[in-house]
Amino acid sequence: MHTILAINPGSTSTKIGIFKNETPIFITTIEHDHEQIQQFPTISSQKDFRLQFVLEALKAQQIEIETLTGVVGIGGLLPPIETGGYRVTKKMVDMIENEEGVSPHASNLGAILANLLAERADCQAFIYDAVSAGILPDVARVTGIPEINRRSLSHTLNSRAQSIQYAKSINKPFEELNLVVAHLGGGVSLSLYKQGRLADSVGDDLGPFSSERAGTVPLMDFVDFIYNNDLSKKDAQKRIRGGGGLKAHLGTASLKEAEDMVAAGDKKAALIVEAMCYGVSKSIGSLAAAAKGNIDAIILTGGMMNSKVVSEKISDHVSFIAPVKIMPGEYELEALAGGCLRIITGQETANEI
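If you're matching positions, the sequence shown starts at 3 in my numbering and goes up one per residue.
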């Protein structure tokens, strides 16, 4: 029996779970004070601050860190890598802390915290299905600006885990299926899996808007918007991630509140929710086209899929392509623990950067 600690840092929270093999024993979300987080100059400089909270949570549950046989964190915005597990090495930690080819993001703390905790537990540290996992084919990377290439940035961890779970539910190997997966949470991303490999994706800045993210917008108009409003780089990025989507249109990032507005007869809210679903549907269609229409199923997952209204609107648009499977919620800690278990039991081999 293996005892695994899974860690999933977010912008103002750190989710952790203790698993006996794949069975969850303890799961919690540690909320961090936004003002305290803002005081740190970089993402990686938060490591000791967050580590202390994790250690206190384990102590409160009377979990001895020495009993851990594996620690796994979510992988962040690393350079493009394959899906699956990676051993956390000094090279990886240095890349993240020095931001060498690594974009700043709270998920980068997954590797750093896993490494610190594994050192205390005298066991191995891994990351699994990083946000940047998925090496796109050359044809999918090319853009109209030679200096800018597309890369895969998506909710790989949950999307791939749900895909594998779906394959099990129909008694078919994941490696034989072509699937389009739409993850709808605070951000929206979509993935195309062709015979088990991540073949293409639509990130949260390339497709539909979501709760608080702007999605793709007309580029010329956005350039004018930046200059006309004298926006700094940080301000422009905030409008894209954190200040767009439902929040910008309706003043709330809560889908439930938006649906309550619709139910109360708010026509603007009804249009915005409809437009969000319309955008998701178009992006699903684009990935189906990338697979020449050869799609076995469309999976809709993430927190928004607890909404019957949203799931039905999207399904109505795309069910002509392939059967639609609704798989609500996020199971990222479970997916991390499962991946770690497969590595330490020899079912999978961990890669190294």
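Note that CB positions come from ideal geometry on N, CA and C, so glycine has one too.
Answer yes or no: does any C-beta atom of chain D fall closer than 8 Å to that of residue 225?
No chain D appears in the structure shown, which is made up of a single protein chain.
For a test of the three-state rule: what should DSSP assign to residue 315, helix, strand or coil?
Reduced to three states, the DSSP call for residue 315 is helix.
Beta-bridge pairing of residue 83 - partner residues as DSSP gives them:
135
According to DSSP, simplified to helix, strand and coil, what is residue 3?
coil
Does the distance from the CB of residue 74 to the CB of residue 116 come in under 8 Å?
yes
With a floor of 4 residues, list each alpha helix (DSSP H) that falls wholly inside the segment 120-196, ordered by position along the chain.
If we require 4 residues or more, the alpha helix (DSSP H) runs fully inside the segment 120-196 come out as 140-143, 158-171.
Could you give the C-beta distance for residue 39 and residue 55, rounded to a whole number, given that I count them as a contact under 8 Å?
About 12 Å separates the two Cβ atoms, so there is no contact after all.
CA-to-CA distance, residue 105 to residue 142, given in whole angstroms
21 Å
Extent of the continuous alpha helix (DSSP H) run through residue 90:
Neither: residue 90 is in no alpha helix (DSSP H) and is coded neither H nor E.
DSSP state of residue 205 mapped onto helix, strand, coil
coil
So residue 58 is in the alpha helix (DSSP H); what residue range does that whole segment cover?
49-62
Is it buried or exposed, residue 341, if we count other Cβ atoms within 10 angstroms and call 16 or more buried?
Buried: at least 16 other Cβ atoms inside 10 Å.
Cβ separation of residue 298 and residue 179, assumed to be a contact under 8 Å, to the nearest whole Å:
5 Å
Take residue 281 and list the residues in its own chain whose beta-carbon comes closer than 6 Å to its own, dropping the five residues that flank it on each side.
Cβ-Cβ distances below 6 Å link residue 281 to 210 in the same chain, with the five nearest sequence neighbours on each side left out; the list follows chain order.
Where residue 69 falls: helix, strand or coil (DSSP)
helix
Over the uninterrupted alpha helix (DSSP H) stretch that includes residue 283, give me the two end residues.
269-292
First and last residue of the uninterrupted alpha helix (DSSP H) at residue 233
From DSSP, residue 233 is part of no alpha helix (DSSP H); its letter is neither H nor E.
Pull up the distance between the alpha-carbon of residue 351 and that of residue 196, whole angstroms please.
21 Å
Cβ pair residue 204, residue 285 closer than 8 Å:
yes
How many whole angstroms separate the CB atoms of residue 355 and residue 91, which I take to be in contact at a CB cut-off of 8 Å?
7 Å
Inter-residue spacing [alpha-carbon to alpha-carbon] between residue 127 and residue 262
44 Å
Classify residue 41 as buried or exposed, calling it buried when 16 or more other Cβ atoms lie within 10 Å of its own Cβ.
By the neighbour-count rule (16 or more Cβ atoms within 10 Å), residue 41 is not buried but exposed.
Range covered by the beta strand (DSSP E) that runs through residue 263:
Unbroken run through residue 263 is the alpha helix (DSSP H), 257-265; no beta strand (DSSP E).
Residue 224 by DSSP, collapsed to three states: which one?
In this structure, residue 224 counts as helix in the three-state DSSP scheme.
Identify the continuous beta strand (DSSP E) that holds residue 33 and give its terminal residues.
25-33
What's the C-alpha gap between residue 125 and residue 44?
Taking the straight line joining both Cα atoms gives about 27 Å.
Can you give me the C-alpha to C-alpha distance between residue 76 and residue 162, rounded to a whole angstrom?
13 Å
Is the distance from the Cβ of residue 144 to the Cβ of residue 303 below 8 Å?
no
Out of 172, 3, 16, 17, which one is the CA nearest neighbour of residue 23?
3
Measuring alpha carbon to alpha carbon, tell me which of 301, 111, 173 ends up nearest residue 185.
301
Rounded to whole angstroms, what's the CA-CA distance from residue 30 to residue 21? Just pull it up for me.
12 Å
What is the rounded straight-line gap between the Cα of residue 119 and the Cα of residue 311?
42 Å
Residue range of the beta strand (DSSP E) that residue 328 falls in?
326-330
For residue 138, collect the residues of the same chain with a Cβ closer than 7 Å to its Cβ; drop the 5 residues on either side in sequence, then sort them by chain order.
152, 153, 154, 202
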